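First residue of the sequence shown: 68, per the working numbering; consecutive thereafter.
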Amino acid sequence: MNEQQNESLKPMPEQIRYANILFLGAWLGILLMFITYFIYVTGVLSPHVDITVITQNWDKGVDEFLEITHSPSGWGWLDLLNKGDFLNFLGLAFIAVLTIICYLFLIVGYGKRKDWAYFVICLIEVA
68 MNEQQNESLK
78 PMPEQIRYAN
88 ILFLGAWLGI
98 LLMFITYFIY
108 VTGVLSPHVD
118 ITVITQNWDK
128 GVDEFLEITH
138 SPSGWGWLDL
148 LNKGDFLNFL
158 GLAFIAVLTI
168 ICYLFLIVGY
178 GKRKDWAYFV
188 ICLIEVA
(Lines of atoms letter the chains of each structure in order from A and count residues from 1; the text may use other names and numbers.)
(Lines give C-alpha, C1' and ligand atoms only; values in the text may rest on other atoms or scores of the structure.)
Protein backbone atom coordinates (compact mmCIF):
# COMPACT_ATOMS: atom_id res chain seq x y z
CA MET A 1 0.00 0.00 0.00
CA ASN A 2 1.19 3.46 -0.70
CA GLU A 3 1.31 6.31 1.82
CA GLN A 4 -1.94 7.91 0.62
CA GLN A 5 -3.91 4.66 1.03
CA ASN A 6 -2.46 4.18 4.53
CA GLU A 7 -3.48 7.71 5.49
CA SER A 8 -7.05 7.22 4.24
CA LEU A 9 -7.42 4.09 6.39
CA LYS A 10 -6.56 5.93 9.61
CA PRO A 11 -9.51 6.86 11.81
CA MET A 12 -10.23 10.55 12.17
CA PRO A 13 -9.57 12.20 15.55
CA GLU A 14 -13.33 12.50 16.11
CA GLN A 15 -13.71 8.75 15.71
CA ILE A 16 -10.90 8.08 18.18
CA ARG A 17 -12.48 10.48 20.69
CA TYR A 18 -15.88 8.79 20.20
CA ALA A 19 -14.37 5.34 20.80
CA ASN A 20 -12.43 6.48 23.88
CA ILE A 21 -15.46 8.15 25.45
CA LEU A 22 -17.63 5.13 24.68
CA PHE A 23 -15.04 2.73 26.12
CA LEU A 24 -14.50 4.67 29.33
CA GLY A 25 -18.19 5.50 29.66
CA ALA A 26 -19.24 1.88 29.28
CA TRP A 27 -16.86 0.81 32.04
CA LEU A 28 -18.02 3.70 34.21
CA GLY A 29 -21.63 2.62 33.67
CA ILE A 30 -20.81 -0.98 34.57
CA LEU A 31 -18.98 0.20 37.71
CA LEU A 32 -21.98 2.34 38.61
CA MET A 33 -24.26 -0.68 38.18
CA PHE A 34 -22.04 -2.78 40.47
CA ILE A 35 -21.98 -0.06 43.13
CA THR A 36 -25.74 0.56 43.05
CA TYR A 37 -26.44 -3.18 43.05
CA PHE A 38 -24.19 -3.57 46.11
CA ILE A 39 -26.12 -0.78 47.83
CA TYR A 40 -29.38 -2.56 46.99
CA VAL A 41 -28.27 -6.06 48.04
CA THR A 42 -26.70 -4.95 51.31
CA GLY A 43 -29.76 -2.92 52.26
CA VAL A 44 -27.93 0.37 52.65
CA LEU A 45 -31.01 1.93 51.04
CA SER A 46 -34.35 0.26 51.58
CA PRO A 47 -36.17 -0.88 48.43
CA HIS A 48 -39.39 0.66 47.18
CA VAL A 49 -40.78 -2.82 46.50
CA ASP A 50 -39.97 -5.62 48.94
CA ILE A 51 -38.60 -8.78 47.35
CA THR A 52 -41.50 -10.86 48.70
CA VAL A 53 -43.98 -8.56 46.96
CA ILE A 54 -42.02 -8.98 43.73
CA THR A 55 -42.11 -12.78 43.92
CA GLN A 56 -45.81 -12.83 44.84
CA ASN A 57 -46.64 -10.74 41.77
CA TRP A 58 -44.16 -12.19 39.30
CA ASP A 59 -46.94 -13.50 37.06
CA LYS A 60 -48.78 -10.17 36.73
CA GLY A 61 -48.78 -7.93 33.70
CA VAL A 62 -46.82 -4.69 33.80
CA ASP A 63 -49.79 -2.40 34.47
CA GLU A 64 -51.10 -4.59 37.28
CA PHE A 65 -47.63 -4.99 38.80
CA LEU A 66 -47.06 -1.22 38.77
CA GLU A 67 -50.43 -0.66 40.41
CA ILE A 68 -49.87 -3.26 43.14
CA THR A 69 -46.37 -2.03 43.94
CA HIS A 70 -47.19 1.68 43.57
CA SER A 71 -44.26 1.95 41.20
CA PRO A 72 -44.04 4.73 38.63
CA SER A 73 -43.85 4.35 34.89
CA GLY A 74 -41.77 6.39 32.48
CA TRP A 75 -39.35 8.82 34.07
CA GLY A 76 -41.09 8.56 37.44
CA TRP A 77 -38.26 6.37 38.71
CA LEU A 78 -36.14 9.52 39.10
CA ASP A 79 -38.26 10.46 42.11
CA LEU A 80 -37.32 7.15 43.76
CA LEU A 81 -33.53 7.33 43.53
CA ASN A 82 -33.45 7.26 47.32
CA LYS A 83 -34.67 3.64 47.14
CA GLY A 84 -32.20 0.81 46.58
CA ASP A 85 -34.17 -0.95 43.86
CA PHE A 86 -34.58 2.20 41.76
CA LEU A 87 -31.04 3.46 42.33
CA ASN A 88 -29.95 0.56 40.09
CA PHE A 89 -31.50 2.36 37.12
CA LEU A 90 -28.77 5.03 37.16
CA GLY A 91 -26.12 2.83 35.53
CA LEU A 92 -28.52 1.63 32.86
CA ALA A 93 -29.71 5.15 32.11
CA PHE A 94 -26.11 6.35 31.88
CA ILE A 95 -25.18 3.62 29.41
CA ALA A 96 -28.34 4.35 27.41
CA VAL A 97 -27.45 8.04 27.05
CA LEU A 98 -23.75 7.40 26.46
CA THR A 99 -24.05 7.20 22.67
CA ILE A 100 -25.76 10.59 22.62
CA ILE A 101 -22.91 12.04 24.68
CA CYS A 102 -20.43 10.61 22.18
CA TYR A 103 -22.38 12.08 19.26
CA LEU A 104 -22.18 15.53 20.86
CA PHE A 105 -18.39 15.30 20.70
CA LEU A 106 -18.62 14.19 17.07
CA ILE A 107 -20.84 17.17 16.24
CA VAL A 108 -18.24 19.57 17.62
CA GLY A 109 -15.40 17.82 15.78
CA TYR A 110 -17.17 17.62 12.44
CA GLY A 111 -18.30 21.24 12.78
CA LYS A 112 -14.70 22.38 13.29
CA ARG A 113 -13.61 20.38 10.25
CA LYS A 114 -16.56 21.72 8.25
CA ASP A 115 -17.51 18.16 7.36
CA TRP A 116 -21.17 19.10 6.97
CA ALA A 117 -22.48 15.72 5.82
CA TYR A 118 -21.29 13.94 8.97
CA PHE A 119 -22.18 16.98 11.07
CA VAL A 120 -25.80 16.80 9.91
CA ILE A 121 -25.95 13.00 10.31
CA CYS A 122 -24.74 13.28 13.92
CA LEU A 123 -27.11 16.17 14.60
CA ILE A 124 -30.04 14.09 13.34
CA GLU A 125 -28.93 11.15 15.49
CA VAL A 126 -28.98 13.32 18.61
CA ALA A 127 -32.30 14.94 17.74
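For every residue, glycine included, the Cβ atom is placed at its ideal position computed from N, Cα and C.
Quick caveat, the model's predicted, so the values are computed rather than measured.
Rounded to the nearest angstrom, the gap between the Cα atoms of F153 and N73 is 49 Å. Per DSSP, the continuous alpha helix (DSSP H) segment holding D152 begins and ends at G151 to L154. L133 and G151 have their alpha carbons spaced roughly 17 Å apart. Looking only at I83, A93, Q82 and N87, the smallest Cα-Cα distance to V164 is reached by A93. The stretch 104-120 makes no contact with the stretch 181-192; the number of CB pairs closer than 8 Å stays below 3.
A194: not part of any alpha helix (DSSP H); DSSP gives it neither H nor E. Bounds of the alpha helix (DSSP H) holding L95 are P80 to T109.
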